[in-house]
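K.L.:
In our numbering, the protein residues as written are 118 to 363.
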């Protein structure tokens, strides 16, 4: 049995400190969702999920039952790709408003084709769908964004680390950086990644889609299959189809 030395202060033994887990930041890219003046089905899903997950960006945890659970808090951070910084940044007030209040304008290619009689409109759509034409329009949009990005460079996020997860909820194959290029450096820096998968039809039935979509979707899926830790499939059928193409 130990004795107390009056020459030394007595300190009650303390319980071992519980391990602390850093809060997780879930980076949700919505570049495509806020850039377009119309809403597709996948964009509608992305908007709804982001609005629910990021409803209170200052909360310490999502679904935390105890203070200990708050150590593993998740912060959901909607972002867009900054072509001026070649990295993600937070939303501007205008982008936050577009996320909450989506536009209802038809796609530019459809609006252009609608000005002509049906046979000509069909031909115009086919020309605009040619891979070279779609890539040209994409490069033009990126060039315009690069100039517009200069005032927003202060919103750029830090590099990923072990507390960072890239969570793809939108049609991310339309985003500026293909996932087969992004996710390798992302994971080597310590970040993790996950994706919501609605279906893999462009891989299973490529004849149903234009060649650009098949190309971009393939790069999206392969990037996630090589690097991601979690796939959120919307149905059991989607899960089985993903296993088939993996």
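Each residue gets a CB set at the ideal place from its N, CA and C atoms; glycine is no exception.
Determine the direct distance from the alpha carbon of residue 268 to that of residue 360, and round the result to whole angstroms.
P.N.:
In the chain shown, the residue the question calls residue 360 occupies position 243. In the chain shown, the residue the question calls residue 268 occupies position 151. Distance between the alpha carbons of residue 360 and residue 268 is about 44 Å.
K.L.:
Closer than 8 Å by C-beta to residue 62: which residues in its own chain qualify, once you throw out the five before and the five after it? Chain order, please.
P.N.:
The question about residue 62 has no answer, for the chain in this structure spans 118 to 363.
K.L.:
Can you tell me which residues form a DSSP beta bridge with residue 196?
P.N.:
Taking the chain shown and counting its residues from 1, the one referred to as residue 196 is at position 79. In the DSSP output, where bridge partners are listed per residue, residue 196 has 146, 207.
K.L.:
Can you grab the Cα-Cα spacing for the pair residue 144 / residue 331, in whole Å?
P.N.:
The sequence position of residue 144 within the chain shown is 27, counting from 1. The sequence position of residue 331 within the chain shown is 214, counting from 1. One C-alpha to the other measures close to 25 Å.
K.L.:
Measure the beta-carbon distance from residue 362 to residue 320 and round it to whole angstroms, keeping in mind my assumption that it falls under 8 Å.
P.N.:
Mapped onto the chain shown, residue 362 falls at position 245. Mapped onto the chain shown, residue 320 falls at position 203. Residue 362 to residue 320, Cβ: 5 Å. Contact.
K.L.:
Cutting at 8 Å between CB atoms, please list the residues of its own chain near residue 205, excluding the five before and the five after it.
P.N.:
As a working mapping, residue 205 is identified with position 88 in the chain shown. So the list reads 144, 146, 196, 197, 198, 199, 273, 274, once near-sequence residues are dropped.
K.L.:
Does the distance from the C-beta atom of residue 201 to that of residue 156 stay below 9 Å?
P.N.:
Numbered from 1 along the chain shown, position 84 holds the residue referred to as residue 201. Numbered from 1 along the chain shown, position 39 holds the residue referred to as residue 156. No, the pair does not count as a contact, with Cβ atoms beyond the cut-off.
K.L.:
Just the C-alpha distance for residue 304 and residue 339, rounded to the nearest angstrom, thanks.
P.N.:
For the purposes of this step, residue 304 is taken as the residue at position 187 of the chain shown. For the purposes of this step, residue 339 is taken as the residue at position 222 of the chain shown. Roughly 15 Å separates the two Cα atoms.
K.L.:
In whole angstroms, what separates the C-alpha of residue 159 from that of residue 284?
P.N.:
For the purposes of this step, residue 159 is taken as residue 42 along the chain shown, with counting starting at 1. For the purposes of this step, residue 284 is taken as residue 167 along the chain shown, with counting starting at 1. Residue 159 and residue 284: Cα-Cα distance of roughly 14 Å.
K.L.:
Going by DSSP, what residue range makes up the beta strand (DSSP E) through residue 284?
P.N.:
In the chain shown, residue 284 corresponds to position 167, counting from 1. Start and end: 281–285.
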